[in-house]
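The first sequence begins at -7 in this note's numbering and counts up one residue at a time.
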Amino acid sequence: MTSQASDQESSGKPPTARSTPAREGFPFTDDGAGNGSRPSDDRGRHIPADIELKWQRRWEESGIYRAKDHVEGKKNWFALTMFPYPSGDVHIGHWYAYAPGDAHARFMRMAGYNVMHPQGFDAFGLPAENAAIQRGTHPRQWTLANVENMRRQFRLMGNSYDWDREIVTCTPEYYRWNQYFFLKFMEAGLAYRKAGPANWCPSCNTTLANEQVKDGKCERCETAVTKRDLPQWFFRITKYADELLQMDEIEWPEKIKLMQRNWIGKSEGVTVHFDVSAFIPFAPSYVATFTTRIDTVFGVTFVVLAPEHPLVEKLTQPAQRKAVHEYIENARRQSEIERTSTEREKTGVATGAYAVNPLNGERVPVLVGDYVLATYGTGAVMGVPAHDERDFAFAKKYGLPIRVVVAPPGWSGGELDAAYVEPGTQVNSGEFNGLPSKDGMQRMAEKVEREGWGSRTTTYHLRDWLISRQRYWGTPIPVIYCDPCGTVPVPVVDLPVLLPEKAEFRPTGQSPLTLDPTFVNVKCPKCGRAAKRETDTMDTFMDSSWYHLRFTSAHDRERPFSLDSAGAWAPVHQYMGGAEHAVMHLLYSRFFSKALRDLGYVKFDEPYKRLFNQGLLIKDHKKISKRSNPLNPEPVVEQYGADTLRLYLMFLGPWDQGGDWSDAGIRGVSRWLIRVWDLVQSGYPSPQPTPKGPASMEGGDKGGVSGADRDTTRASHMTTKRVVTDMREFRFNTAISALMEFTNKLSETQAAGGVSKPVWDDAMDRLVLLLAPLAPHTAEELWERRSHAYSVHQQALPVWDESLVAADTVTIVIQVNGKLRSQVVLPAGVSEAEAIASALADAVVQRHMEGREIVRKIYVPNRLVNVVVK
RNA sequence: GCCGGGGUGGCGAAAUGGCAGACGCAGCGGGCUUAAAACUCGCAUCCCGCAAGGGAGUGAGAGUUCAAAUCUCUCCCCCGGCACCA
């Protein structure tokens, strides 16, 4: 430790003004942080505040992270971390989301790629509007102040963003292209307007975005969300349902793919028509039901309609009218949580009408029940209590018959205690009796189609994307309503439709834009007569659906992006972000890619080729948030520095599994980084072995190369291999462990001496280079202090030689009957015979074999011998 | 209920068929210090033993194997997602 102090003295500099000697006190806690007058080449101490600011400035001035579309001899790599919503609440979770992504981007840059790593802000959204209501600031003011704060945080992190490409979605330069794409989608029939239910919070008296409904409740006031019918704009995402299921070419976590598959919810079945012409004299005279179990159709004992089903009114007989109306009223009043609770008892009411099962000609009662969803399938189901759990419960409650038509194996013909939903043998099914239900399903489907009773149908859980929002802080939908001309798109040349600056945010339940007559009243672009603008704004997921493409042409005034630039960078090579966006953003964005491809804007199918999901950072078993569990990064940065914080967040554990923050743990990586700092600057150790003795050195001198040299070289190459392979796969925690082991080893070597200068220098350079993506400021400073040319971040990663990684000797474990008994050190690549001979010669092993017969000997090369005795 | 992910020392975690607990935190002991902090060296899964050594051990239980944290089956617990999708 004295080497720094003596260096400082011998350098002839006057002692610094500090009263404490170097290394005393925890380095970052005292007087110093942020003292600009201190010379930044203070040798002895690692002072993050100085070097971090210094390099952040230098990186910006020299523009080393600015990406060019093409660089001779390099492949492009588009590294993107999901851009943030600029909430006022910047916490350490943001660092956890962004710093490892930056480390990986830096790693890829050093791995020889032409990397673009941009950043922007998802700046439209409800919180800004809520803040406006609460504190009387304009959403723009609140948002832009937060953007400024987050930019500062990103700079503090030392992230290698190309700030020239920054995008802020609430600017007209960005959102005009949302409007542009909306119009293109309209032209292509991908955008349409129809009345549809929106999530409605009765307490806030406003609609909510889907992402603001959690467990059926309003996020802010926890009021149960209901539905309200409004004319709304939709994107026809269902057109791509099948293609969206196709995910072979994207390298995403299986979990996310599965979530998307579940969300799309493709299900193949049969639509069967139940005749009701006896009750409705005019067409349509049947109730269409959707089933995936046509094999159970002979077991239908009733038909249930959703309360919202259009035929309910027509089918209800006079005697039942009152009861049915009451039932529907009651259902309507229920919240979505109540309606969809699986716990709830199933209820229903008879309409008095009957429907005819086309397969067997039976008349079965038609009921209304709110366990049937109006929005799925045909909004009506055939009730098969014997083979569907819900129908079973419903039939039990109302005493409806239960008829078995798919017999369980060994069925005695008796009553069932519960619905039997597995395959079986057809019974009570007319001509299909005796068939396995699997075949029955085929044959019955064929018959239904042949007889014209219905058809094979595929349904999806996925709905078209409702993009209308009754809010102010979003992209105005560029449409004008004119009495004679109808719905008229705003001509592209008139874009952008600017969001009016002044707005009222009274919670009236109406879109705030309706309150601005200068916005609403407009001349029809077609006929010139007085007309009115659409006053809803777009869902903010519109912004994030294509922002990655805007990064490729951030400043293009003529187009959203150019085909060339998009082609140079997209699809994003590595996308990173939380799993909370698994379905919404990631699905919308995939839809957008396919739509843009069909419209000729891009030439690929998918937005994000590889996806990595980081886990959640928690503290004391709770999520970190401003309100309940705050953890502000800035005091941590002040105390330890950004590099230490970055390292600690990556060291916590595997990035995809999330991490548990502890205030104490960070001191470990802090100490380590200081040790690295000291080690790299401590100078070349003695070429002669010191009396401290190299106990750990193996092999001694060989061919003029000292044991210390071979040992150090091996450590250098092994560490290079470990760090590079770990970093590639986002295993930051084990990469850092490998570097820690390397520094521990080098500290020993330094104390022991006996290493030659080229070997030592090579080790030092590797250490700094491998550290660079993880702790970019410290590595940059050390690189400079080792008299290398700027910048360490423009260097290539070190390479390793596999032959130098392998050890000369190996420790072979000896087991007797699978139990560890001894070990021997032998030359690497020792033959099986030799290894076994050494094992059998071992005294401890002999003791355990005494008086027993050897039945088997197992040798795992360079690892283990297992002697099996009896 | 269904679908994922997970359960390893006091703590964060390594190890994905071959030495369980690398690396680090916290802890204990030594050095340095008037002292403390910092730094540094060492010890550390548990049990028996002065030690040498032995035994047990990766949520529980069974199985496969010369060998299982790792593979198979049954069950328990935690986290996340979906949830009357006919």
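Glycine residues also receive a C-beta, built at the ideal position from the N, C-alpha and C atoms. Since the structure is predicted, the reported quantities are computational estimates derived from the model, not experimental observations.
- Just confirm the distance between the C-beta atoms of residue 61 and residue 557, as a whole number of angstroms; I'd bet it's less than 8 Å. The residue you call residue 61 lines up with position 69 of the first sequence. The residue you call residue 557 lines up with position 565 of the first sequence. The Cβ separation is near 6 Å, so the contact holds.
- For residue 411 versus residue 362, is the C-beta spacing smaller than 8 Å? As a working mapping, residue 411 is identified with position 419 in the first sequence. As a working mapping, residue 362 is identified with position 370 in the first sequence. The answer is no: Cβ separation not under 8 Å.
- Since residue 112 and residue 160 are thought to touch, with beta carbons under 8 Å apart, how far apart are those beta carbons, to the nearest angstrom? In the first sequence, residue 112 corresponds to position 120, counting from 1. In the first sequence, residue 160 corresponds to position 168, counting from 1. Indeed, because the Cβ distance is near 6 Å, the residues count as touching under 8 Å.
- residue 888 versus 859, 506, 512 and 530, residue with shortest Cα-Cα distance: In the structure displayed, the chain extends from -7 to 862; residue 888 sits before or after that span and is not available.
- Indicate whether residue 171 and residue 488 have their beta-carbon atoms separated by less than 8 Å. On the first sequence, residue 171 is found 179 positions in, with the first residue counted as 1. On the first sequence, residue 488 is found 496 positions in, with the first residue counted as 1. It is a contact, given that the beta carbons lie within the stated cut-off.
- Query: With a Cβ-Cβ cutoff of 8 Å, do residue 769 and residue 587 count as a contact?
  - Reply: Within the first sequence, residue 769 is the residue found at index 777, counting from 1. Within the first sequence, residue 587 is the residue found at index 595, counting from 1. No, Cβ-Cβ distance for residue 769 and residue 587 is not below 8 Å.
- The alpha helix (DSSP H) enclosing residue 255, as first and last residue numbers: If you number the first sequence from 1, residue 255 lands on position 263. Where residue 255 is concerned, the enclosing alpha helix (DSSP H) stretches over 246 to 256.
- Task: Take the Cβ of residue 124 as the centre, count every other Cβ of all protein chains shown within 10 Å, and call the residue buried at 16 or more, exposed below.
- Result: Working through the first sequence from its first residue, we reach residue 124 at position 132. When all chains shown are included, residue 124 counts as buried.
- Check the C-beta distance from residue 291 over to residue 397 and give it rounded, since I have them as a contact under 8 Å. Numbered from its first residue, the first sequence carries residue 291 at position 299. Numbered from its first residue, the first sequence carries residue 397 at position 405. The Cβ separation is near 4 Å, so the contact holds.
- Taking three-plus beta-carbon pairs below 8 Å as touching, is the stretch 115 to 135 in contact with the stretch 733 to 752? no
- Item | Span of the beta strand (DSSP E), counted from its first residue to its last, around residue 864 | No answer is possible for residue 864: it lies beyond the span of the chain, which begins at -7 and ends at 862.
- Item | Contacting residues, own chain, Cβ-Cβ under 7 Å from residue 615 (five flanking each side not counted) | By 1-based counting over the first sequence, the position of residue 615 is 623. Cβ neighbours of residue 615 beyond the five flanking positions: 608 and 621.
- Below 8 Å on the Cβ atoms is my guess for residue 725 versus residue 623; work out the distance and round it to an integer in Å. The residue labelled residue 725 in the question sits at position 733 within the first sequence. The residue labelled residue 623 in the question sits at position 631 within the first sequence. Not confirmed; about 20 Å, so no contact.
- DSSP on residue 807, reduced to helix/strand/coil? The count along the first sequence starts at 1 and reaches residue 807 at position 815. Residue state, collapsed to three classes: strand.
- DSSP beta-bridge partners for residue 530? Residue mapping note: residue 530 aligns to position 538 of the first sequence, counting from 1. Paired residues: 460.
- Starting from the N-terminal side, write out each stretch of the alpha helix (DSSP H) that is 4 residues or longer and does not extend beyond the stretch 287 to 332. 304 to 307, 313 to 325 and 328 to 332
- Query: Is residue 606 near residue 647, with beta carbons less than 8 Å apart?
  - Reply: Within the first sequence, residue 606 is the residue found at index 614, counting from 1. Within the first sequence, residue 647 is the residue found at index 655, counting from 1. Yes, the Cβ-Cβ distance between residue 606 and residue 647 is below 8 Å.
- Query: Does the Cβ of residue 156 have 16 or more other Cβ atoms within 10 Å, making it buried, or fewer, making it exposed?
  - Reply: Indexing the first sequence from 1 puts residue 156 at position 164. Answer is exposed; the Cβ neighbour count stays below 16.
- Three-state class that DSSP yields for residue 234 in the structure shown: Here residue 234 refers to the residue found at position 242 when the first sequence is read from its first residue. Looking at residue 234 - three-state DSSP - the assignment turns out to be helix.
- Start-end ranges of the alpha helix (DSSP H) lying completely within the stretch 128 to 170, minimum 4 residues: 131 to 149
- Message: Counting C-beta neighbours from all protein chains within 10 Å, is the total for residue 772 16 or more, i.e. buried, or is it exposed?
- Response: Start at 1 with the first residue of the first sequence, and residue 772 comes out as number 780. It is buried - the Cβ of residue 772 has at least 16 other Cβ atoms within 10 Å.
- Message: Runs of 3 residues minimum, wholly inside the stretch 712 to 796: which ones carry the beta strand (DSSP E) assignment?
- Response: none
- Query: Taking the alpha-carbon positions, what's the residue 583 to residue 100 distance?
  - Reply: Reading the first sequence from its first residue, position 591 is the one you call residue 583. Reading the first sequence from its first residue, position 108 is the one you call residue 100. If I take the Cα positions, the gap works out to 29 Å.
- Task: Go ahead and pull the three-state DSSP assignment for residue 388.
- Result: For the purposes of this step, residue 388 is taken as residue 396 along the first sequence, with counting starting at 1. In the structure shown, residue 388 sits in a helix (DSSP, three-state: H, G or I).
- Cβ atoms of residue 546 and residue 158: under 8 Å apart, would you say? On the first sequence, position 166 is the one that residue 158 refers to. On the first sequence, position 554 is the one that residue 546 refers to. Against a cut-off of 8 Å, the Cβ pair of residue 546 and residue 158 comes out as a contact.
- Item | Buried/exposed call for residue 519, threshold 16 Cβ in 10 Å | Here residue 519 is taken as the residue at index 527 of the first sequence, counted from 1. Exposed, by the Cβ-count rule.
- Helix, strand or coil at residue 588 [DSSP, three-state]: In the first sequence, counting from the first residue as 1, residue 588 sits at position 596. Of the three classes helix, strand and coil, the one that applies to residue 588 here is helix, per DSSP.
- Of the residues 824, 785, 831 and 826, the one placed nearest residue 51, counting alpha carbons only: As a working mapping, residue 51 is identified with position 59 in the first sequence. Nearest option by C-alpha distance: 785.
- Query: What's the C-alpha gap between residue 304 and residue 463?
  - Reply: Taking the first residue of the first sequence as position 1, residue 304 is located at position 312. Taking the first residue of the first sequence as position 1, residue 463 is located at position 471. About 35 Å.
- Message: Looking at residue 800: is its Cβ nearer than 8 Å to the Cβ of residue 820?
- Response: As a first step, residue 800 is located in the first sequence; it is residue number 808 there, counting from the start. As a first step, residue 820 is located in the first sequence; it is residue number 828 there, counting from the start. Yes.
- Message: Taking the beta carbon of residue 692 as the centre, do at least 16 other beta carbons fall within 10 Å, making it buried, or is it exposed?
- Response: Against the first sequence, residue 692 aligns to sequence position 700. The predicted model places residue 692 with a pLDDT of 47, which falls under 50 and marks its position as unreliable; any figure quoted below should be read in that light. When all chains shown are included, residue 692 counts as exposed.
- Cross-strand partners of residue 864 (DSSP beta bridge): The structure shown does not extend to residue 864, since the chain spans only -7 to 862, so no value can be given for it.
- Query: Using the beta-carbon count (16 or more within 10 Å), is residue 791 buried or exposed?
  - Reply: Position 799 of the first sequence, counting from 1, holds the residue named residue 791. Counting Cβ neighbours within 10 Å, residue 791 comes out exposed, since fewer than 16 surround it.
- DSSP state of residue 343, grouped into three classes? Your numbering for residue 343 matches position 351 in the first sequence. Residue 343 falls in the strand class under three-state DSSP.
- Message: Tell me the rounded alpha-carbon separation between residue 320 and residue 603.
- Response: Taking the first sequence and counting its residues from 1, the one referred to as residue 320 is at position 328. Taking the first sequence and counting its residues from 1, the one referred to as residue 603 is at position 611. About 46 Å.
- Query: With 16 other CB atoms within 10 Å as the buried threshold, where does residue 127 fall?
  - Reply: The sequence position of residue 127 within the first sequence is 135, counting from 1. Counting Cβ neighbours within 10 Å, residue 127 comes out exposed, since fewer than 16 surround it.
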